[in-house]
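Asker: Please see the structure below; I have some questions.
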Amino acid sequence: MAEKLFWQDQYLKEFEGRVIEIRGKEVILDRTAFYARSGGQPGDTGEINGIKVVDTYYDDKGNIVHLLEKEPNFKVGDIVKGKINWERRYKIMKLHTALHILSAVLNNMFGNVKITGSQIYEDRARIDFDLDKLDDELVKKIEEKANEIVNKDLPVYTKFISKEELENMPQLKRLMDEKRYEKYDVLRIVGIGDIDVQLDGGTHVRSTKEVGKIKIIGKENKGKNNKRLIITID
């Protein structure tokens, strides 16, 4: 499996890696800073040796695959240089952290709200959750509280924990889908100050202040007790 440089340094923009496999336009490296599409976060784009990377994803063996715009002129064994489309990635990082801030606000306002889904796009993001009532006044309150957290400039941190450590974190176990994580021996958590901690494999900013202003631009009913908020950031 490739060394995941995006976990070691989420702000790494360029790197070098060795080509392990080439399948037409698909390239697998021994190490990469390209985040592979998963957990509601889109895969990174950018360049490898000047050739555009149009998507990054996992194959059925768990390898990180870089999909190029065209078949490469380099070969297996070559050392290549990767460059992330940083402007796009950084916006996605801010949106991802914004969703965690919203999750913290929802749990603070309504108790242990179950998050039923989320998705990040290049220009917006959405979060789905169980709640029976969500009117415009509540939406405004959620947005206000989210931006209060942004302005507190709280640190955003990542950490790896064992399954044994997870047993002593009931606030995490209560919210997680245990079946999804049972195959992992080590789990990655993302925390925001002392207000939120979640199992998460994605990329985030270092501080809530970096997110910018969170704007809720839409709300939807997705079922009797399921609500959706759509956000963007300034």
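The sequence shown lines up with residues 1257 to 1490 when you count with the working numbering.
All C-beta atoms in this analysis are idealised placements derived from N, C-alpha and C, irrespective of residue type, glycine included.
These numbers were taken from a predicted model, which means no experiment stands behind them.
Going by the DSSP bridge assignment, what does Asn1424 pair with across the sheet?
Answerer: Note: Asn1424 sits in no beta bridge, so no partner.
Asker: Which residues in the same chain as Glu1270 place their Cβ atom closer than 6 Å to its Cβ, once the five residues preceding and following it in sequence are excluded?
Answerer: For Glu1270, where only same-chain residues beyond five positions count, the Cβ hits under 6 Å are Lys1339.
Asker: If you draw a straight line from the C-alpha of Ala1360 to the C-alpha of Glu1399, how long is it?
Answerer: If I take the Cα positions, the gap works out to 12 Å.
Asker: Please list the terminal residues of the continuous beta strand (DSSP E) segment that includes Val1467.
Answerer: That residue, Val1467, is in no beta strand (DSSP E); it is neither H nor E in DSSP.
Asker: Is Glu1466 near the ligand FAD, going by C-beta to nearest heavy atom under 7 Å?
Answerer: You won't find the ligand FAD in this model; it holds no ligand whatsoever.
Asker: What three-state label does DSSP hand Glu1399 in the structure shown?
Answerer: Correct three-state label for Glu1399: helix.
Asker: With burial defined as no fewer than 16 other Cβ atoms inside 10 Å of the residue's Cβ, what is the status of Ser1418: buried or exposed?
Answerer: By the neighbour-count rule (16 or more Cβ atoms within 10 Å), Ser1418 is not buried but exposed.
Asker: Mark Asp1300 as exposed unless 16 or more other C-beta atoms lie within 10 angstroms of its C-beta, in which case mark it buried.
Answerer: That one is buried.
Asker: Taking Asn1334 as the reference, which of Leu1355, Gly1273, His1322 has the closest Cα?
Answerer: In the sequence as presented, Asn is not what sits at residue 1334; that position holds Asp. Here the closest residue by C-alpha is Gly1273.
Asker: Does the structure place the segment 1456-1465 close enough to the segment 1285-1301 that three or more beta carbon pairs sit under 8 Å?
Answerer: Yes: the two stretches touch, three or more of their Cβ pairs being nearer than 8 Å.
Asker: Per DSSP, His1352 forms a beta bridge with which residues?
Answerer: Partner(s): none; His1352 has no beta bridge.
Asker: For Gln1454, name the three-state secondary structure that DSSP assigns.
Answerer: Strand, per DSSP.
Asker: For the pair the segment 1302-1318 and the segment 1360-1374, tell me if three or more CB-CB distances fall below 8 Å.
Answerer: No contact exists between the segment 1302-1318 and the segment 1360-1374.
Asker: Mind reading off the beta-carbon distance from Ile1284 to Asn1319? Whole number of angstroms is fine, and I expect it under 8 Å.
Answerer: Their Cβ separation, rounded to whole angstroms, is 5 Å, which keeps Ile1284 and Asn1319 in contact under 8 Å.
Asker: DSSP puts Gln1375 in a beta bridge; with which residues?
Answerer: Beta-bridge pairing links Gln1375 to Arg1382.
Asker: Taking 7 Å as the limit between beta carbons, can you name the residues of its chain near Ala1292, skipping five residues before and five after?
Answerer: If we look at Ala1292 and ignore the five residues flanking it on each side, its Cβ neighbours are Gly1299, Thr1312, Tyr1313, Tyr1314, Ile1320.
Asker: Taking Cβ to Cβ, would you say Ile1307 is nearer than 8 Å to Ile1470?
Answerer: Going by C-beta atoms, Ile1307 is not nearer than 8 Å to Ile1470.
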